[in-house]
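Colleague: If you read the sequence shown in my numbering, its first letter stands for residue 1114, the second for the next number, and so on. All C-beta atoms in this analysis are idealised placements derived from N, C-alpha and C, irrespective of residue type, glycine included.
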Amino acid sequence: MERVEVIKRDITQMKVDAIVNAANSSLMGGGGVDGAIHRAGGPQILEECKKIVATQGECETGEAVITTAGKLPAKFVIHTVGPVWSNGKNQEDCLLADCYRNSLQLAIDHGCKTVAFPNISTGAYRFPKNLAAKIAVSTIKYCLQQHGEFEKIFFVCFDQENFDLMQKELIAASNPETSIP
Ligand code: AR6
């Protein structure tokens, strides 16, 4: 897990190959990190999202699509749609893991070696932050074991609670004695 880092920052400032956006199925922008990315990146990102929707339809929960990053310092924006938390019995955990997996697959397909993730679904979509942190870290850990090409994966937290939870999970995942297999 030495290729993973948890930081507290605005993800729009990340100079990485790809930042991930916690979008909604319409890909037409919204609040939270989605709003911040479209505001900072300018209209080009929305134009590309519109073209994607016109050709392949809306983005399903757990899926991801990629655009360029407009005025952002990153090269690409990977838009993924996290699950809305209802009661935890609607495959929310699997769908959240799909977001991380499918985003990384798109990153690989586009030659990205550095990727920054926000805490998908933990804002407007109300996914419990501690469970989301466990899923994010375990999914990324598994993906990194499969893919040697990544140089660095950042978890970019906006709030202190997510930052603390992600740090805790990362430390646990890095320690073979406490790590969940
Ligand atoms: N940089 C990094 N993280 C951020 C930023 C930022 N600039 N701004 C917010 N966060 P949310 P969701 C964190 O609500 O729960 C949108 O309207 C935030 O603190 O952005 O997946 C979409 O259009 C939280 O921890 O995404 C969808 O409709 C995390 O990003 C819906 O919200 C995710 O919060 C998606 O909901």
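Ordered along the chain, which non-local residues of its own chain (more than five positions away) have a Cβ less than 6 Å from that of Leu1219?
Modeller: Counting only Cβ-Cβ distances below 6 Å, and skipping sequence neighbours, we find Ala1177, Ile1179, Ile1191.
Colleague: Helix, strand or coil, according to DSSP, for Ala1182 in the structure here?
Modeller: Of the three classes helix, strand and coil, the one that applies to Ala1182 here is coil, per DSSP.
Colleague: Taking Lys1121 as the reference, give the member of Leu1217, Cys1270, Gly1183 with the closest Cα.
Modeller: Answer by Cα proximity: Cys1270.
Colleague: Measuring alpha carbon to alpha carbon, tell me which of Ala1131, Gly1145, Val1117, Val1129 ends up nearest Lys1233.
Modeller: The amino acid at residue 1233 is misidentified as Lys; the sequence shows Ile. Nearest C-alpha to Ile1233: Gly1145.
Colleague: Taking 8 Å as the cut-off, is the beta-carbon of Tyr1255 closer than that to any non-hydrogen atom of the ligand AR6?
Modeller: Answer for Tyr1255: no, Cβ out of range of the ligand AR6.
Colleague: Is the separation between the beta-carbon of Ala1131 and that of Ala1210 shorter than 9 Å?
Modeller: Their beta carbons are not under 9 Å apart, which means Ala1131 does not touch Ala1210 by this criterion.
Colleague: The beta strand (DSSP E) spanning Cys1098 covers which residue range?
Modeller: The chain is shown only over 1114 to 1294; residue 1098 falls outside these bounds and no answer can be derived.
Colleague: Could you spell out the range, first to last residue, of the beta strand (DSSP E) harbouring Lys1121?
Modeller: First-last of the beta strand (DSSP E) with Lys1121: 1117 to 1121.
Colleague: Should the region 1240 to 1251 be called in touch with the region 1270 to 1290, which here means at least 3 C-beta pairs below 8 Å?
Modeller: As far as the Cβ criterion goes, the region 1240 to 1251 touches the region 1270 to 1290, which means the pair count is three or higher.
Colleague: With 16 as the cutoff for other CB atoms within 10 Å, does Ser1139 come out buried or exposed?
Modeller: Its Cβ having fewer than 16 others within 10 Å, Ser1139 is exposed.
Colleague: Answer yes or no: the CB of Pro1241 versus the heavy atoms of the ligand AR6, is any distance below 8 Å?
Modeller: No, since every heavy atom of the ligand AR6 falls outside the 8 Å radius drawn around the Cβ of Pro1241.
Colleague: Just to confirm my understanding: we take Ile1165, look at its own chain, exclude 5 residues before and 5 after, and list those with CB closer than 6 Å. What are they?
Modeller: Contacts found: Val1178.
Colleague: The ligand AR6 and Thr1174: does any heavy atom of the ligand fall closer than 8 Å to the residue's C-beta?
Modeller: No, the beta carbon of Thr1174 sits no closer than 8 Å to any heavy atom of the ligand AR6.
Colleague: Quick check on the DSSP output: the beta strand (DSSP E) that includes Asn1134 runs from which residue to which?
Modeller: Start and end: 1131 to 1136.
Colleague: Determine the extent of the alpha helix (DSSP H) in which His1151 is found, giving its start and end residues.
Modeller: 1145 to 1154 is the span of the alpha helix (DSSP H), which, as asked, contains His1151.
Colleague: Could you check if Asn1215 belongs to the surroundings of the ligand AR6, using beta carbon to heavy atom distance under 8 Å?
Modeller: No, since every heavy atom of the ligand AR6 falls outside the 8 Å radius drawn around the Cβ of Asn1215.
Colleague: Please check the pair Lys1184 and Ala1153, which I expect to be a contact at CB under 8 Å, by giving their CB distance rounded to whole angstroms.
Modeller: With a Cβ gap of about 7 Å, Lys1184 and Ala1153 count as contacting.
Colleague: Helix, strand or coil: which one does DSSP assign to Lys1265?
Modeller: In this structure, Lys1265 counts as strand in the three-state DSSP scheme.
Colleague: State the Cα-Cα distance for the pair Asn1200 and Arg1116, rounded to the nearest angstrom.
Modeller: Near 33 Å, if we compare the C-alpha coordinates of Arg1116 and Asn1200.
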